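Going down the list, the sequences are from chains V and G. Here our numbering is used: the first residue of the first sequence is 2, the next is one more, and so on. Here our numbering is used: the first residue of the second sequence is 26, the next is one more, and so on. Backbone N, C-alpha and C define an ideal beta-carbon position, used for all residues, glycine too. The model shown is predicted, which means the values in this text are computed figures rather than measured ones.
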Amino acid sequence: MAETKPEAAPSTDAHEKMGFWRQYIFSIDHKVIGKQYLFLGLFMGYVGVFLSYVFRWQLAWPGTAVPFWGKVSAAQYYEVVTMHGTIMVFFVAMPVLLGAFGNFLIPLMVGARDMAFPRLNMASFWTIFVGSVLLLISFFVPGGGSHAGWTNYVPLSDAAKYLPGNYWGGNLWLIALAIDFASVLMGGINFLTTAIAMRAPGMTFWRMPLLVWQELAASVLFMLSVGPLIAGVVMLLFDRMVGTGFFLPEKGADPLLWQHLFWFFGHPEVYVVAMPGLGIVQEILPVFSRKPIFGYRMIVWSVVVAGILSFTVWAHHMFVSGMSPVLAEPFSVTTIAISIPFAVMLFAMIATLWRGQITFSTPMLFALGALANFLLGGVTGIPLGTNASDIYLHDTYFVIAHFHNTLVPTAVIGGFGGIYYWFPKMFGRMMNETLGKLHFAFTWVGFNMVFVPLFLIGLGGGQRRIYMSSVYTYYKPLQPLHVIATIGLLVIIAGQIPFLVNFFLSMFRGAKAGANPWHATTLEWATDSPPPHENFHTIPTVVRGPYEYSVPGMDQDWAPQAAAVEAGAVQG
Amino acid sequence: MANSAVEIGITHASHDVSASFELGKIGMWVFLAGETMVFGGLMGVFILVGISHGGWGADGAHVNWRLGAINTFILYTSSLTAALAQGAARVQDSARAKRYLSATALLGVLFLVIKAFEYAGDYREGFTPLAALFWSFYYLMTGLHVLHLLAGIVVIFGLAFMVGPSTPASWFERKLKYVCLYWYFVETVWVFLFALVYLAPTAG
């Protein structure tokens, strides 16, 4: 069957002149869309950082005026806390890790000319753009953005009487979230179809870079977990706007239902964000250790096992919700079990470093920082997953510190590593190393200054979601730790200045990057920087696995996956 | 560099190793996997809430299962005509395929008309979405299904409209395959809804 594929990347209009709008705004080129996602995610990320600055100031010095904001009211406190979590998880981590890196890298890494459905890809970006705008608008509607917490528990988030005056904030929160989900689903269809059906000759599944595997796993997890929550979001919207009672106890419904729906999605969602972050780290480590990744197949199988198990652990978020303690026991067991595949991955990453020729360039520093803190995040998950100890730790700052030590290393620190690593490919220029290392030092030291104290506050019994901690006597001894944490945040914020300067200056003034500045092996380095309109001058033929470094008997210490282009493009 | 020449040769020989994969089909299956979880989640919730409610009792006894059964028959028939359209397209008979395809969409419209009468009847008897938890679920689940059916009808009419005498038969056959895949999914969802929302509550 000699079929044409009208949905596939257009190949005839490659040399047509495109107007500004078509080329940069409503582009169907996966590389442009990836960059659009990156800019959107970075912008939303700094909005989220600003919100955390507002509530961390309030936590450290309760009741004082926050510079650039003013005094924080109780309603504002819950608003900024809710919006910080929502923005960071759904409008920063997902657009950057899936949208930006997934879009930019999957076609390049598997050797395709574009995504399988380029127009769907464009629609996916503009969908999440609309969702982001709606969420930002919700700050300015009467009553402000949602106050119900990022988990949006019912009945607080349900009938309007429970949170008076927050009617439109809550509605817009739900609508923005539904739009965000639709966008990521569209992206997932593209990711999976592209990696299944559009791989270059010789690119078998077992030759795909780990980042591609992790993006695919994340897409599958998202697709299989978000459905019930989409239904739940619609039900909650009907509760709020029409007056049904899907979650209201006074109408005979069970409010715990929302928690089940939220966490059935919410736990896999954590891996949706963490897996691509780990994938980025796993791309960076071999390059700067000049060694093959340790246990490539074991890592892939660990991802698969972790993905399957992630559907069986959700109720460990609900040990104190009033659900049956008998039911808590199996959820504890599965939760402990899920640490095994992640431990396998961590050990494989550490073993990759063993006896490597390590270069401490900026991407590598971020990768190592991510590794260290992800270990801390993983280990502190054990006492939270065990129902007996969770009853004490639940709803304390220990949970917050644990959560941030899993997601910030993967999504933020890993994500920054990815930006430094692929910036030459994205923009054709190198970023400045000194500014980059400065950025790393401030971000990583600041991050630990925030969250190590939060572990201690949590162990000391410090409850989360408390607006004015100074009114509680038991909170007094913990207060200095809050001050340290807030100073840590100011360190992080200071560290973003070198990054932004570096990012925007290097885009225009950075040293020209060759095709392969890091001497890396995967396919994206076998084409120009930045890649031409359809990625490859000729589609490469893949002859080996993705991490062939320091192969004995070769005159260079890396063997590119695409041997055919060796002579031309690789002399970066 | 001894083997580079060979490799360059391979590079130029073919760059479409994936010709055996159909992008649209894979994309549609992935999409339907996500859709399955939306409806599956909703049905799971409906079952669990029903159990914790101790059954739907009197609320559920008033669904119009006769109209539901007629609609089940209509939707099954529409799947038959869709399959016949695919069969006709397979033997390159685009004109016949187009007629069967239009019949499929018209049966879908008939389903919606009957459904509208059913909603109106329920509404007149006071079974509004706010009447009871059961009716909230009833309108939500069947309403979501109606929206899916509506989308299917629009796409089918669009496809039938696009096909002319000059349309390549293989293109039509392929598009038809994706549309029918979706249509069968929507039909299958209805079978589950009919069993859960019409039969189980009235039998209990």
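Residues that residue i bridges to, as DSSP identifies them
i, result
"R430 (chain V)", "V:K513"
"A563 (chain V)", "V:V543"
"G71 (chain V)", "V:V67"
"Q464 (chain V)", "V:T397"
"Y550 (chain V)", "V:W559"
Residue-level contact to chain V via CB, residue i, 8 Å cutoff
i, result
"I139 (chain G)", "no"
"P226 (chain G)", "no"
"L158 (chain G)", "yes"
"S161 (chain G)", "yes"
"G130 (chain G)", "It is Ala, not Gly, that sits at residue 130 (chain G) in the sequence shown. False, the Cβ-Cβ gap to chain V never drops below 8 Å."
"A120 (chain G)", "no"
Beta-carbon neighbours of residue i, restricted to chain V and to distances below 7 Å
i, result
"H78 (chain G)", "G253"
"P154 (chain G)", "V243 and T245"
"G65 (chain G)", "G228"
"M187 (chain G)", "Those do not exist, as M187 (chain G) stays about 12 Å from chain V at its closest Cβ, beyond 7 Å."
Proximity below 8 Å, CB of residue i to CB of residue j
i, j, result
"M95 (chain V)", "V185 (chain V)", "yes"
"L92 (chain G)", "I51 (chain G)", "no"
"W264 (chain V)", "F248 (chain V)", "no"
"P410 (chain V)", "N374 (chain V)", "yes"
"V188 (chain G)", "S119 (chain G)", "yes"
"T152 (chain V)", "A275 (chain V)", "no"
"M187 (chain V)", "S125 (chain V)", "yes"
"M450 (chain V)", "V492 (chain V)", "yes"
"L48 (chain G)", "A201 (chain V)", "no"
"F192 (chain V)", "L212 (chain V)", "no"
"G144 (chain V)", "G170 (chain V)", "yes"
"V234 (chain V)", "A161 (chain V)", "no"
"V544 (chain V)", "G203 (chain V)", "yes"
"R120 (chain V)", "I34 (chain V)", "no"
Reference residue i; option with closest CA among the options
i, options, result
"F219 (chain G)", "G:M68, G:L109 and G:M62", "G:M68"
"L43 (chain V)", "V:F130, V:H31 and V:Q283", "V:F130"
"G132 (chain V)", "V:M346, V:A514, V:L41 and V:M319", "V:L41"
"V116 (chain G)", "G:Y163, G:A194, G:S103 and G:W208", "G:A194"
"F348 (chain V)", "V:G323, V:Y54, V:L279 and V:F320", "V:L279"
"L310 (chain V)", "V:A101, V:H318 and V:F332", "V:F332"
"I294 (chain V)", "V:W302, V:V301, V:Q283 and V:V472", "V:Q283"
"K36 (chain V)", "V:L106, V:G246 and V:L175", "V:L106"
"A232 (chain V)", "G:F46, G:L48, G:T61 and G:G66", "G:G66"
"A560 (chain V)", "V:K292, V:A512 and V:Y297", "V:K292"
"G579 (chain V)", "V:F91, V:K513 and V:F443", "The structure shown does not extend to residue 579 (chain V), since chain V is modelled only from 2 through 573, so no value can be given for it."
"Y577 (chain V)", "V:L175, V:E216 and V:G146", "Chain V is shown only over 2 to 573; residue 577 (chain V) falls outside these bounds and no answer can be derived."
"H538 (chain V)", "V:P547, V:W62 and V:T528", "V:T528"
"L262 (chain V)", "G:F98, G:M62, G:R124 and G:F56", "G:M62"
"E60 (chain G)", "V:Y468, V:F182 and V:H440", "V:F182"
"F102 (chain V)", "V:I420, V:K438 and V:S507", "V:I420"
"W302 (chain V)", "V:F239, V:W207 and V:G463", "V:W207"
"A61 (chain V)", "V:D556, V:D558 and V:I488", "V:I488"
"L105 (chain G)", "G:T213, G:L221, G:F162 and G:R199", "G:T213"
"L164 (chain V)", "V:M199, V:R241, V:P68 and V:L136", "V:R241"
C-beta neighbour in chain G for residue i, strict 8 Å
i, result
"G189 (chain V)", "yes"
"A560 (chain V)", "no"
"I351 (chain V)", "no"
"A124 (chain V)", "no"
"E8 (chain V)", "Below a pLDDT of 50, predicted positions are generally treated as unreliable, and E8 (chain V), at 42, falls in that range; no measurement from the model is reported."
"L186 (chain V)", "yes"
"V409 (chain V)", "no"
Partner residues on chain V for residue i, Cβ-Cβ distance less than 8 Å
i, result
"V55 (chain G)", "G189, I190, L193, T194 and M224"
"A58 (chain G)", "M224 and L225"
Contacts of residue i in chain G (Cβ-Cβ under 7 Å)
i, result
"A117 (chain V)", "L48 and G52"
"A198 (chain V)", "S43, F46, L48 and I51"
Cross-chain neighbours of residue i in chain V, by beta carbon under 9 Å
i, result
"G75 (chain G)", "Near G75 (chain G) there are no residues of chain V at all, since even the closest Cβ is about 11 Å away, more than 9 Å."
"L165 (chain G)", "A232, V235, M236, F239, T245 and F247"
"V70 (chain G)", "P229, A232, G233, M236, F247, L258, H261 and L262"
Partner residues on chain G for residue i, Cβ-Cβ distance less than 8 Å
i, result
"A512 (chain V)", "None at all; the shortest Cβ gap to chain G is about 29 Å."
"L211 (chain V)", "By Cβ distance, chain G contributes nothing, its closest Cβ being about 21 Å from L211 (chain V), past 8 Å."
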